[in-house]
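Residue numbers (full-length UniProt numbering): 1 to 299.
Everything on this sheet refers to the single structure shown next.
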């Protein structure tokens, strides 16, 4: 039995020289191989067209067209005026808010490993708003993102900072600005139409308290009004190609009186305030008459 244990012990003894041969030598930093470059060092010469294109792109991206604050704290860029820049931070979510009704077709990020882009929607129907939520995984990153929608394409520069960030980025659109101005001018034109007569007179300064009664000929006046000095009788435009009626003033006794008036297009202008008058055309059984009566305050 003692002989067996002696043999086992002898087998377990390893010469020191053998251990020395199996030891891993220390690594010398000076002997490390050079790092493998991720990008090629090859430079392709640029022609005149490429150089001109770069100048245009650099001028656009460095344009001094600065963003403006939105009503809800959003950083607003004028679409197409410059290269928008979004600054975000790790553990933060930055919201790129698109135009209501706009639908994202595709999103491409230059560095899709260290940046995430997640879609979200607020609202319903035609007013639904698409949000592209941006999250970097580290600070000190810079890349770009292209968002293609059913209306336009956005190119946005992305920068990650350790702490600073933009919670919301939105856009102003030249077409919206133009539409707003068009709506404004249309409203002003409508107010002009509603409040100013073709003669240029303001409706607010005129008295329309006249009543028409009698026959209903094709030339029946559209309106009768006074400015306190003159009386105006507006006829439909078709009166210009029909027989114009004769204007007679009616005295307090009901008798007709000749009155001086002049014609300006389809308007009779009387140089006094009429209280009662009559428009007559034709004779005999073909005669048609329209009575004009002032119902306002007496001058």
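Glycine is no exception: its CB is placed at the ideal position from the N, C-alpha and C atoms.
Locate the alpha helix (DSSP H) running through residue i, then write down its first and last residues.
i	result
residue 53	48–61
What's the C-alpha gap between residue i and residue j?
i	j	result
residue 168	residue 267	60 Å
residue 270	residue 258	11 Å
residue 140	residue 70	27 Å
residue 61	residue 88	19 Å
residue 81	residue 64	9 Å
residue 280	residue 291	9 Å
residue 286	residue 201	36 Å
residue 49	residue 59	15 Å
residue 110	residue 160	14 Å
residue 170	residue 189	32 Å
residue 278	residue 289	7 Å
residue 149	residue 233	58 Å
residue 38	residue 77	35 Å
residue 182	residue 126	22 Å
residue 16	residue 35	Interpretation of residue 16 is limited by its pLDDT of 49, a score under 50 that renders its predicted location unreliable; the figure taken from the coordinates is listed afterwards. One C-alpha to the other measures close to 38 Å.
residue 293	residue 185	38 Å
residue 245	residue 209	22 Å
residue 116	residue 164	18 Å
Can the beta-carbon of residue i be found closer than 8 Å to that of residue j?
i	j	result
residue 128	residue 121	yes
residue 250	residue 225	no
residue 114	residue 151	no
residue 295	residue 211	yes
residue 193	residue 219	no
residue 68	residue 98	no
To the nearest whole angstrom, what separates the beta carbons of residue i and residue j, a pair I think is in contact under 8 Å?
i	j	result
residue 158	residue 145	6 Å
residue 273	residue 228	7 Å
residue 86	residue 147	About 11 Å separates the two Cβ atoms, so there is no contact after all.
residue 248	residue 256	4 Å
residue 217	residue 235	Not a contact, Cβ separation roughly 10 Å.
residue 104	residue 119	6 Å
residue 79	residue 172	7 Å
residue 75	residue 132	About 14 Å separates the two Cβ atoms, so there is no contact after all.
Strictly by DSSP, which residues pair up with residue i?
i	result
residue 222	Looking at the DSSP assignment, residue 222 forms no beta bridge with any residue, so it has no partner.
residue 144	157
residue 107	147
residue 214	290
residue 207	226
Need the endpoints of the beta strand (DSSP E) that residue i sits in, please.
i	result
residue 79	First-last for residue 79: undefined, no H or E at that position.
residue 135	129–136
residue 231	231–234
residue 95	94–97
residue 288	288–294
residue 119	115–122
residue 264	261–264
residue 280	276–281
residue 249	246–250
residue 268	267–270
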